[in-house]
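I have placed the structure first, in the form of structure tokens, so that the comments after it can refer back to it.
There are 2 protein chains.
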Amino acid sequence: MDARTQGPLAPDHVVDLVRVLDAVRSGRASTRPELAQATGLGRNVVTQRVARLMDSGLLVEGPPLRSTGGRAPRALRFPADAGRMLVAELGATSIGAAVSDLEGTLLAQYEEDADVTMGPVTVLTRVAEVFDELLQQLGAGAPIWGLGIGLPGPVEFATGRPVAPPIMPGWDGFDVRAFFAGRFQAPVWVDNDVNVMALGELRSGQAKGLRDVVYVKIGSGIGAGLVSQGVLHRGAQGCAGDIGHVIVEEGSTVLCRCGKFGCLEALAGGAALGRDGETAAREGDSAYLADLLASGDTIDARAVSEAAIHGDPVAIKLLAASARLVGQTLARIVNFFNPSLILVGGGVSEAGDYYLAEVRQTVIGRSLPLATRSLQIVRSGLSDRAGLRGAAHMVMDALLSPEILPTWLDQGTPAGRAELAAQ
Amino acid sequence: MDARTQGPLAPDHVVDLVRVLDAVRSGRASTRPELAQATGLGRNVVTQRVARLMDSGLLVEGPPLRSTGGRAPRALRFPADAGRMLVAELGATSIGAAVSDLEGTLLAQYEEDADVTMGPVTVLTRVAEVFDELLQQLGAGAPIWGLGIGLPGPVEFATGRPVAPPIMPGWDGFDVRAFFAGRFQAPVWVDNDVNVMALGELRSGQAKGLRDVVYVKIGSGIGAGLVSQGVLHRGAQGCAGDIGHVIVEEGSTVLCRCGKFGCLEALAGGAALGRDGETAAREGDSAYLADLLASGDTIDARAVSEAAIHGDPVAIKLLAASARLVGQTLARIVNFFNPSLILVGGGVSEAGDYYLAEVRQTVIGRSLPLATRSLQIVRSGLSDRAGLRGAAHMVMDALLSPEILPTWLDQGTPAGRAELAAQ
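In structure tokens:
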């Protein structure tokens, strides 16, 4: 009664296929006997499922291993080089793009300044050009299995469309999937940039193996990515983690890009630091920043960080105020979500150790003792690669999920598989 | 190579057993052929797993069904009446206790006023007496499979111990599991009361089948229970959802029971409403409350609600202020967690529809459009039974989990199983 390697895939067996593939990809098993052990499936079932996965190119077999008696087992592996993925991470002011293999290793990558407010067609056309250039650099190779894109705003994950993104005028509802699918004939997944970074850290960074994690990005904007029970928590509309637009100062007169007053991002984000630094420079409160301004430099968050490192008291005060506001918000999150690890990424977090120290102190002082007992608050180690690697994991997670794997397996060729792009 | 019905249970098969049991308990399958279909397991495997579960009393077989040819299949069912559970929900000022069957149906229940500050031995001794009385009422019957207790403070779920609970002096670190295990010879699970309520709504209430839910209890204290991906999110130390002790008013002089100033609970909880209502009564701001006080009544949250229902403007103002503070906190939670449903329970939420209306309005005004697009904020329908039913589900979830099921099956008798209590 079991499905053989031919014909449409019985839904009952999808769970087995995912189990077998996971066991090989995670390194828990590499031979058929090990797979039987690791998955709890019978040997015959394992043999059949492996055959099906090999037919579809999702497993390949190495030479026979040394045997301890009986037929020598052969090592199976997931062919990371059988396909490629195109991944991109858009920030408010930058584009990062890469080609990765099927395990998320970046084969070629590129970054340049960009302005997300130029609108989706302009920005995504440039991303597509960068993809073409990177592919040309790498030369002929494995087909493209999928694309993964991180955007700096709320994204409805199911459709891949930005929804009323505060800092991305013109992007609301834009069909990012269709744009790339049309050009690269491969399926596309789109998510919020911070979710993608959290996924990168979860799969190949400091959050690996943890169940309760919050990734906070403090760049020109502020956002968070959540991990619950070892899995990305995207929320009902896929917009969980949008902490930049919570009102942290009642009656504030500081207008946020989202249209409200007193949002965390408007008061503590990178743009806010630049704005307040420039004011301090113009009003002569900070000699260091005034000098920078006079010499023609733009006063942005980076300039404020630099001034702080040089001991400028106003810059230190600005950064400390930002860190305290971020810490207050994180304290609430700690009480609410009780993570074991908070990873802090983004430009502002690079301002120096005392920024993180101030964040930590604020969180500890305002949270329940139980929630902070073994809480770690550290800098994201993957830094700028977290988003690109996370985007690659997002695509493979989707392709190998119980929902999509059957369709994927039923389409024999990469071209056939590209039909997935239209879904 | 498969484990037969005898001998220790191979870990490989535990997943199958859980699958088979889940399929029967959820109603997705009742015959062996249906089980093969629903679980994707082979017929022989299903037959073996069913035999094992029947041996252990976790499945029972009915008479043969009408056959459409071939041997007539027999319907299997989970014997909800094979065991009983003792469940209790402790509030700051009350004890609720019940005996339930294995599906969480309450067979007998009881509630009385109590004061959690009397300390664990006094309070839990009373709970144990109530259990004895309820069992006596019901008469001889099925053995006790487990106990589930909800406590009004942070609990480290893994050990079942309260950790620095703000409103429970003397309870810090108390071994609640050992206390009951010693008396009832059955395993015990303990969790925060609001987690248990959220679980009740998730399994047998309005949250059934949903993936992203927040349950908020606004009683004398304030707390939340979270559901992520259809599963209770307890957090790293099991204290997720503790929103009562986030500071919502900087520089506030209102001291909270937790020792900090300006906590949500201290400003918006039931105790706060009672305190502010009494002040209004004493200072003559509210004629209605002053009359109540003069006639010897205590001015508590219930009295303030009553006054509001009678149109007393001060009471209405107090409730509106509470609702706004709760709404502000929920708005942050909506942005951060993006639930599709917020269930509001607890005494204060019963103040009337306009309390919830004020909460809703505040949340909508302060959250991202995407996050509130299909958000529902409604009263908890299970109300006071949510906690007791949730406690029952907590026990069965634990007993039938892949971690505990093998031990449970290996102990043939209820007495043997009670050894689990010591773990």
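Line by line, the protein sequences are chains Y and W. Number 208 in the numbering used here belongs to position 208 of the first sequence; there are no gaps in the numbering. Number 1360 in the numbering used here belongs to position 360 of the second sequence; there are no gaps in the numbering. Heads up, the beta-carbon is just placed ideally off N, CA and C, and yes, glycines get one too.
Under the three-state reduction of DSSP, LEU1147 of chain W is assigned to strand. At a cut-off of 7 Å between beta-carbon atoms, ASP242 of chain Y makes contact with chain W. Here GLY1057 of chain W has PRO1079, ALA1082 as same chain residues with Cβ atoms under 8 Å from its own Cβ, once five neighbours each way along the sequence are excluded. Between the segment 1248–1265 of chain W and the segment 1282–1294 of chain W, the count of C-beta pairs closer than 8 Å stays below three; the two stretches do not touch. Proximity to ILE218 of chain Y across Y:GLY327, Y:PRO187, Y:TRP171, Y:VAL18 peaks at Y:GLY327, based on C-alpha coordinates. The contact set of ILE377 of chain Y on chain W, defined by CB atoms closer than 8 Å, is empty, because the minimum CB distance reaches about 13 Å. Among the bridge pairs identified by DSSP, TYR354 of chain Y is matched with none. Put simply, the backbone Cα of ARG49 of chain Y is about 34 Å away from that of VAL1227 of chain W.
For the segment 1225–1253 of chain W, the set of residues with a beta-carbon nearer than 8 Å to any beta-carbon of chain Y comprises LEU1226, SER1228, GLN1229, VAL1231, HIS1233, ARG1234, GLY1235, ALA1236, GLN1237, GLY1238, CYS1239, ALA1240, GLY1241, ASP1242, ILE1243, HIS1245, VAL1246, ILE1247, in chain order. Check the Cα spacing between VAL1188 of chain W and each of W:MET1085, W:ALA1236, W:GLY1230: the tightest is with W:MET1085. Contacts with chain W at 7 Å (Cβ-Cβ) do not include PRO120 of chain Y. If you check each beta-carbon in the segment 363–376 of chain Y against every beta-carbon of chain W, the ones closer than 8 Å belong to ARG366, LEU368, PRO369, LEU370, ALA371, ARG373, SER374, LEU375. For the set W:GLU1034, W:GLY1241, W:LEU1059, the Cα lying nearest the Cα of LEU1017 of chain W is the one of W:LEU1059. Per the coordinates, the alpha-carbon of ASP1175 of chain W lies some 13 Å from the alpha-carbon of THR1125 of chain W.
Here the segment 104–111 of chain Y makes no contact with the segment 337–356 of chain Y; the two share fewer than three CB pairs at distances below 8 Å.
Counting C-beta atoms within 10 angstroms of its own C-beta, GLN1229 of chain W has fewer than 16 neighbours from the protein chains shown and is therefore classed as exposed. Within chain W, the residues placing a beta-carbon under 8 Å from that of PRO339 of chain Y are GLY1235, ALA1236, ordered along the chain. For the segment 1018–1030 of chain W, the beta-carbon criterion of a distance under 8 Å to any beta-carbon of chain Y is satisfied by none of its residues. Going by DSSP, GLU1061 of chain W is part of the beta strand (DSSP E) stretching over 1060–1064. Between VAL1015 of chain W and LEU1035 of chain W, the C-beta spacing is not below 7 Å.
With contacts defined as CB atoms closer than 7 Å, PRO339 of chain Y and ASP212 of chain Y qualify as a contacting pair. In this structure, DSSP gives ASP1300 of chain W a state outside helix and strand, which the three-state scheme calls coil. The segment 1087–1099 of chain W makes contact with the segment 1385–1393 of chain W, as at least three CB pairs between them are under 8 Å. Put simply, the backbone Cα of VAL130 of chain Y is about 59 Å away from that of LEU1409 of chain W. Between PRO154 of chain Y and LEU1370 of chain W, the gap from beta carbon to beta carbon is short of 7 Å. Pairing VAL231 of chain Y with THR1407 of chain W, the inter-Cα distance amounts to about 28 Å. Around ILE333 of chain Y, the beta-carbon contacts reaching into chain W at under 7 Å are PHE1336. Between VAL1254 of chain W and LEU1267 of chain W, the C-beta gap is smaller than 7 Å, which places the two residues in contact.
For ASP16 of chain Y, the chain W residues whose C-beta falls within less than 8 Å of its own C-beta are GLY1040, listed in chain order. In the DSSP annotation of this structure, the continuous segment of the alpha helix (DSSP H) that includes SER1204 of chain W starts and ends at 1193–1204. Counting other Cβ atoms within 10 Å of its Cβ, ALA181 of chain Y reaches 16 or more and is therefore classed as buried. GLY223 of chain Y is not a Cβ neighbour of MET394 of chain Y, given a cutoff of 7 Å.
Annotated as proximal: ALA38 of chain Y and ALA29 of chain Y, with beta-carbon spacing under 7 Å. By the rule that beta-carbons nearer than 7 Å mark a contact, VAL1214 of chain W does not touch chain Y.
The C-beta of GLY141 of chain Y has fewer than 16 other C-beta atoms within 10 Å across all chains shown, which makes the residue exposed. If the five residues before and after CYS256 of chain Y are omitted, its C-beta is found closer than 7 Å to the C-beta atoms of HIS245, CYS263, GLU265, ALA266, all from its own chain and listed in chain order.
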